Amino acid sequence: MKSLPIVFCGLFATLALSWAGILWQGQKQLGGLQPMSELYAIDPISNAARIESPQKDEPRHPEEPVGLAQQGKAQYISLGCVYCHTQQVRSQGRGADFERGWGNRQSVPRDYIRQERVLLGSSRTGPDLADFGQRIDSVNQLHAHLYNPQSEAPGSTMPPYAFLYQKRKIALNGEKSAGAIEFRDGFGPAEGYEIVPTRRAVALAAYLQSLKLDYSLPEARLPEKP
Amino acid sequence: MNSPSTEPLTAQSRLNEIDRSMQWPTILLLLSAVVWLLTATAFALLASVKSTQPGFLAGCEWLTYGRVWAAYLNSMIYGWGGNALFGVGLWILARLCRRPVPLPGMLLIGAMFWNLAVTIGVGGIIIGDMTSIEWLEMPAYAVPLLAFSSIILGVWGILVVRYGRPGPVYVSQLYVLGALFWFPWIYLTAQIFLVYEPARGVVQAMANMWYVHNLLGLWLIPAGLGAAYYLIPKISGRPIHSYYLASLGFWSLALLTGWGGMRHLAGGPVPAWFVTLGIVASVAMALPIAIAAVNHNVTVFGRWDQVAASPALRFVVFGTISYTLASLIAIAMALRSVSEVAQFTLMVQGQTHHMIYAFFTMTMFGAIYFMMPRLLNQPWPSAKLVQTHFWCSTVGIIIMLVALYAGGWIQGWQMNMPTLDNYGNPVHLNFLSIVQNTMPWLHARTVSILILGLGHLALAANLLWMVALAILSCKKALCPSNSKLVPETAVS
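Sequence order for the protein chains is A and B.
The opening residue of the first sequence carries number 168 in our numbering; numbering runs sequentially from there.
The opening residue of the second sequence carries number 188 in our numbering; numbering runs sequentially from there.
Laid out in structure tokens, this is it:
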């Protein structure tokens, strides 16, 4: 084929356009985003938000994830929760993310800058989890749900993650261990046994608790509390 | 020799010679493709059952829903899709180069490495090393081998074209070369942006959608279209409607596809102009889609007797018609008002399967039905099994697409749109009811996978039988000297 070089130039150029337009441009526009504190001012020249008086102790958002939550995220990744759960609150007026209580403000690019792996997700077989940490009633209930979703949400299609828990005989004196999970009636283990979360389950719960959109950013403010 | 068939006969024997020269590597690719197809079907069935019976085999961590689903996606795309794409695509390149191929050993090595990489990757997903990055779930340790083998196979394809007899470029060559050239690029880019040097924040999500969209649009789809452009004129004996349009279609597809993926991020945490661009590019895809529709379907239109007579053609035409439909639905789903409802629902899965299964897979089935008798010099042993395969696929696809599109639309509507309660206030259906309402559709999906699986078994049985027959009559069939020729337009 004589025209092979020309064909390859064409093949190269067509993909290079979207490569540059999306990845390179995206990196340029979003790759330099910095965490923000609540105190900022708008720079009149560049029209960008600036931290006004950087102080040592003032929290910057989003915050650095803690170690345990990071380990939990590894579980979330390895078990494939992303095929049923998104982690993004769409803008108000698009769908019903706000009405369903999945967040009080929309997610913005800056929310994700500290995440080594971004798990936006593309399927909502289950609810969005971007702001789940604010909806948790108790850690016990969260564990009961992960151990057997039917116990907290009858008819749920979420798979049970019982293999993240240990079934143990209750000690002879009849006292349960500190971490043992309390179940609703009819969902507990057999008499004389208790269910205790493994390290992996504890980490996963810590990760889910850490998913919060409870801070304001210049580009996405929380609604004023009444 | 004054018979009029002299000229076709030499062309015929040349094609035959080409088929011989790459016989075993191609057979290896096609057989592995079918093995992966069966594997993928088993994973799909298990995942689909689990999505309605979450307790099914739930105690086994390796078979938890998320991993089974990812294993299904990867064995379907890289296992079945990749093997079929390389097997069919490289064979088409070789045939269009009018000369027996060089270095068949390189092809064999590439094919073996590819399969080794996918095996390691899918195994890694099951044991818990997956990345949870869509369509890139295989753990990092499978990546170098997969990339390397795709480069070997791609370079081999380019060598074949370089080495070929001079002649006009046929549009199938463009499509196949495109697929071979683009894959390593998008794959390595995505791996770097997402795994090796993770980009900051949502740039990852953009890179992921760019990859997912291109893997479908610049890898599987061009391979399917290239195969259709080769097989339809070949089997029907009629030239393609317009060659000029065909290359226009190719270049517009190449130019537009790369941008379309951003539409999946509509409403999400990315700058709006990326999404807008994605939507515009998706709608502009109407041009290449219309061209493919005209070229493929007009060529066979009115020739239904031929379509009915040739099983290979029947599968390919089913595929090309599906391409048009799936693409039109993709355009509709790109529109903001539609995607507000359809986003994140079963409809997305429906559209992907429309493209990967009803178009790509069906076209590849057609190609396999055409190629195998010529590679082995052995007709398909059972016409009944071919019939069974076709009808199982047709019925299975219809059930699956109706279930996913209708179920997904209802799911999206209930999830996003309020209804009015007795006092006229907008209310949203509670989430568990939505989950329950998808159940009948998910059951239908399970049934459709069973039916499709039956068709796959028919294909596999026929294929094994055929290979066995060929091996039994080894001396006759596999020696190039006394091969009888299978004419190209013959009913395969």
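By construction, the Cβ of each residue, glycine as well, lies at the ideal position given by its N, Cα and C atoms.
Please read all numbers here as calculations on a predicted model, not as lab measurements.
Verify whether the separation of the beta carbon atoms of residue i and residue j is less than 8 Å.
i	j	result
leucine 432 (chain B)	isoleucine 476 (chain B)	no
serine 434 (chain B)	valine 487 (chain B)	no
isoleucine 279 (chain B)	valine 363 (chain B)	yes
methionine 317 (chain B)	serine 245 (chain A)	yes
threonine 550 (chain B)	alanine 414 (chain B)	yes
tyrosine 314 (chain A)	isoleucine 337 (chain A)	no
proline 385 (chain A)	asparagine 271 (chain A)	no
proline 202 (chain A)	histidine 228 (chain A)	yes
alanine 468 (chain B)	leucine 443 (chain B)	yes
glycine 288 (chain A)	glutamine 254 (chain A)	yes
tyrosine 252 (chain B)	alanine 231 (chain B)	no
arginine 352 (chain B)	cysteine 284 (chain B)	yes
leucine 378 (chain A)	alanine 263 (chain A)	no
alanine 281 (chain B)	valine 288 (chain B)	yes
alanine 517 (chain B)	valine 525 (chain B)	no
glycine 266 (chain B)	tryptophan 223 (chain B)	yes
isoleucine 419 (chain B)	valine 503 (chain B)	yes
leucine 371 (chain A)	leucine 331 (chain A)	yes
histidine 615 (chain B)	proline 605 (chain B)	yes
methionine 559 (chain B)	methionine 653 (chain B)	yes
glutamate 394 (chain A)	serine 204 (chain A)	In the structure as shown, chain A begins at 168 and stops at 393. Residue 394 (chain A) is therefore absent and cannot be evaluated.
alanine 311 (chain A)	alanine 245 (chain B)	no
arginine 523 (chain B)	alanine 459 (chain B)	no
glycine 297 (chain B)	serine 336 (chain B)	yes
isoleucine 586 (chain B)	isoleucine 638 (chain B)	yes
valine 761 (chain B)	threonine 324 (chain A)	Absent from the structure is residue 761 (chain B), since the part of chain B shown begins at 188 and ends at 679.
tryptophan 301 (chain B)	phenylalanine 273 (chain B)	yes
What would DSSP say about residue i, mapped onto helix, strand or coil?
i	result
isoleucine 280 (chain A)	coil
proline 172 (chain A)	helix
threonine 606 (chain B)	strand
serine 274 (chain A)	coil
methionine 542 (chain B)	helix
histidine 228 (chain A)	strand
isoleucine 313 (chain B)	helix
valine 634 (chain B)	helix
valine 256 (chain A)	coil
glutamate 361 (chain A)	strand
leucine 375 (chain A)	helix
valine 285 (chain A)	coil
valine 678 (chain B)	Only weak support exists for where valine 678 (chain B) lies, its pLDDT of 45 falling under 50; the value from the coordinates is given anyway. Three-state result, valine 678 (chain B): coil.
proline 353 (chain B)	coil
proline 458 (chain B)	coil
valine 288 (chain B)	coil
glutamine 240 (chain B)	coil
alanine 183 (chain A)	helix
So, is residue i buried or exposed, given that buried needs 16 or more other C-beta atoms within 10 angstroms?
i	result
alanine 387 (chain A)	buried
tyrosine 374 (chain B)	buried
glutamate 204 (chain B)	exposed
glutamate 319 (chain A)	buried
asparagine 669 (chain B)	With a pLDDT of only 42 at asparagine 669 (chain B), under 50, the local geometry of the prediction cannot be trusted, and the value read off the model is given with reservation. Under this definition asparagine 669 (chain B) is an exposed residue.
proline 326 (chain A)	buried
glutamine 565 (chain B)	buried
leucine 607 (chain B)	exposed
lysine 334 (chain A)	exposed
cysteine 248 (chain A)	buried
threonine 197 (chain B)	exposed
isoleucine 584 (chain B)	buried
serine 170 (chain A)	exposed
proline 191 (chain B)	Residue confidence for proline 191 (chain B) is low, a pLDDT of 39 falling below 50, so the modelled location carries little weight and cannot support an answer.
proline 321 (chain A)	exposed
tryptophan 191 (chain A)	exposed
lysine 421 (chain B)	buried
lysine 240 (chain A)	buried
lysine 392 (chain A)	exposed
Cβ of residue i within 7 Å of any heavy atom in the ligand MG?
i	result
leucine 367 (chain B)	No copy of the ligand MG appears in this structure; indeed no ligand is present at all.
For residue i, which beta-bridge partners are listed by DSSP?
i	result
alanine 387 (chain A)	A:Leu384
lysine 204 (chain A)	Looking at the sequence provided, one finds serine at residue 204 (chain A) rather than lysine. According to DSSP, which records beta bridges pairwise, serine 204 (chain A) is partnered with A:Arg227.
aspartate 332 (chain A)	Going by the sequence as given, residue 332 (chain A) is tyrosine instead of aspartate. Per DSSP, A:Pro364.
valine 614 (chain B)	B:Thr606
*Segment contact flag, the region 232-245 of chain B with the region 222-238 of chain A, C-beta cutoff 8 Å, min 3 pairs*: No: the two stretches stay apart, fewer than three of their Cβ pairs being nearer than 8 Å.
*asked:* Count Cβ pairs between the region 623-638 of chain B and the region 557-574 of chain B that sit closer than 8 Å; are there 3 or more?
replied: Put simply, the region 623-638 of chain B does not touch the region 557-574 of chain B. Fewer than three CB pairs are less than 8 Å apart.
*Examine the Cβ distances between the region 292-299 of chain B and the region 353-362 of chain B and report whether three or more of them are shorter than 8 Å.*
No: the two stretches stay apart, fewer than three of their Cβ pairs being nearer than 8 Å.
_Does the region 369-385 of chain B come into contact with the region 255-262 of chain A, if we say contact requires no fewer than three beta-carbon pairs (one atom in each stretch) closer than 8 Å?_
Between the region 369-385 of chain B and the region 255-262 of chain A, the count of C-beta pairs closer than 8 Å stays below three; the two stretches do not touch.
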